[in-house]
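Residue numbers (the working numbering): 2 to 243. Input: a single structure, listed below in structure tokens.
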């Protein structure tokens with residue numbers, strides 16, 4: 002994975018708006034769980050890429066240090082060859098002195114090349130170190146977003162459960178007949194009052210029938226008394242009570 006693609010992945014995930022991501026989700030819990038899995042996988046991938054980038058940086062630093070050491074070594078060899086050449090020249094051995102001076106020149110050339118390699122690597126290392134710092138910052142941003150996402154996930158799942166329970170309660174209430182229960186009692190009371198009125202009517206009717214029967218008995222007694230007294234008169238007996 003290139004550094005640019007790593008940056009793109011980290012930037013995209015670090016800028017992700019968790020709240021807006023769940024606005025149209027049919028099942029926020031499943032969607033958030035999937036986001037957490039994706040984030041975790043991407044963080045693992047980014048960590049590997051950042052680790053590789055850091056590893057490359059460390060190799061470059063090792064190469065630079067090696068080139069710097071080589072430059073110092075070739076410099077030392079050039080000094081040694083030049084110094085020995087000067088000694089031989091004072092001793093009259095010009096040919097050997099010239100040979101050593103040529104070796105000193107070769108050492109200096111290699112010293113210059115090693116110094117150039119070390120300098121070039123130093124420039125690359127400075128640039129690569131800036132990249133590593135940015136990658137680490139982006140990676141920390143991803144981890145922070147993952148922590149935020151997990152926290153949001155717990156909060157939203159809890160809120161969803163509460164809202165679902167409340168909606169179920171409201172739906173249950175809607176299914177109940179919300180008519181005034183006192184109206185049912187009033188109808189029942191009316192029914193009882195009608196039954197009581199019928200009972201009173203029946204009792205009154207029964208009492209009236211009984212009175213009539215007693216009245217009939219009294220009328221019958223009077224008739225008997227009249228007949229008895231008439232018979233007595235006819236027989237010449239004094240009326241009863243005279």
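Cβ coordinates follow ideal geometry from the N, Cα and C atoms, glycine included. Keep in mind it's a predicted model, so treat the numbers as computed, not measured.
Notebook entry, point to check: Among the residues of its own chain, which have a CB less than 7 Å from the CB of residue 90, if the five just before and after it don't count?
Noted result: 98
Note to self: Checking 7 Å against the spacing of the C-beta atoms, do residue 51 and residue 140 come in under that value?
What the structure shows: yes
Notebook entry, point to check: For the 8 Å Cβ check, are there 3 or more pairs between the region 103-117 and the region 59-78?
Noted result: The answer is yes - the region 59-78 touches the region 103-117, with three or more Cβ pairs under 8 Å.
Checklist line | residue 206 burial status per 10 Å Cβ neighbour count (16 or more: buried) | finding: Per the 10 Å Cβ criterion, exposed.
Margin query: Considering only the alpha carbon of each residue, which of 45, 109, 132, 57 lies closest to residue 78?
Written below: Comparing alpha-carbon positions, the option among 45, 109, 132, 57 lying closest to residue 78 turns out to be 109.
Item checked: Distance, residue 48 Cα to residue 41 Cα -> 10 Å
Next item on the list: Would you identify the three-state DSSP class for residue 92, choosing helix, strand or coil?
Entry: Annotated three-state conformation of residue 92 is coil, per DSSP.
Notebook entry, point to check: Candidates 202, 227, 55: which alpha carbon is nearest residue 125's?
Noted result: 55
Notebook entry, point to check: What residue from 159, 201, 192, 171 has the CA that sits closest to residue 33's CA?
Noted result: 159
Next item on the list: Spatial neighbours of residue 31 within its chain, please: CB distance less than 7 Å, with the 5 preceding and 5 following residues excluded, ordered by chain position.
Entry: For residue 31, where only same-chain residues beyond five positions count, there are no Cβ hits under 7 Å.
Next item on the list: Using three-state DSSP, classify residue 237 as helix, strand or coil.
Entry: coil
Next item on the list: For residue 201, count neighbouring Cβ atoms within 10 angstroms of its own Cβ and tell me buried if that reaches 16, exposed if not.
Entry: Burial check for residue 201: the Cβ neighbour count within 10 Å stays below 16, so the residue is exposed.
Item checked: Supposed close pair residue 143, residue 44 - CB separation, criterion 8 Å -> 5 Å
Note to self: Suppose contacts are defined by Cβ-Cβ distances below 7 Å. Is residue 136 in contact with residue 61 by that definition?
What the structure shows: No, these two residues do not count as a Cβ contact at 7 Å.
Note to self: I'd like the list of long-range same chain contacts for residue 199, defined as Cβ closer than 7 Å, with 5 residues on each side in sequence excluded.
What the structure shows: none
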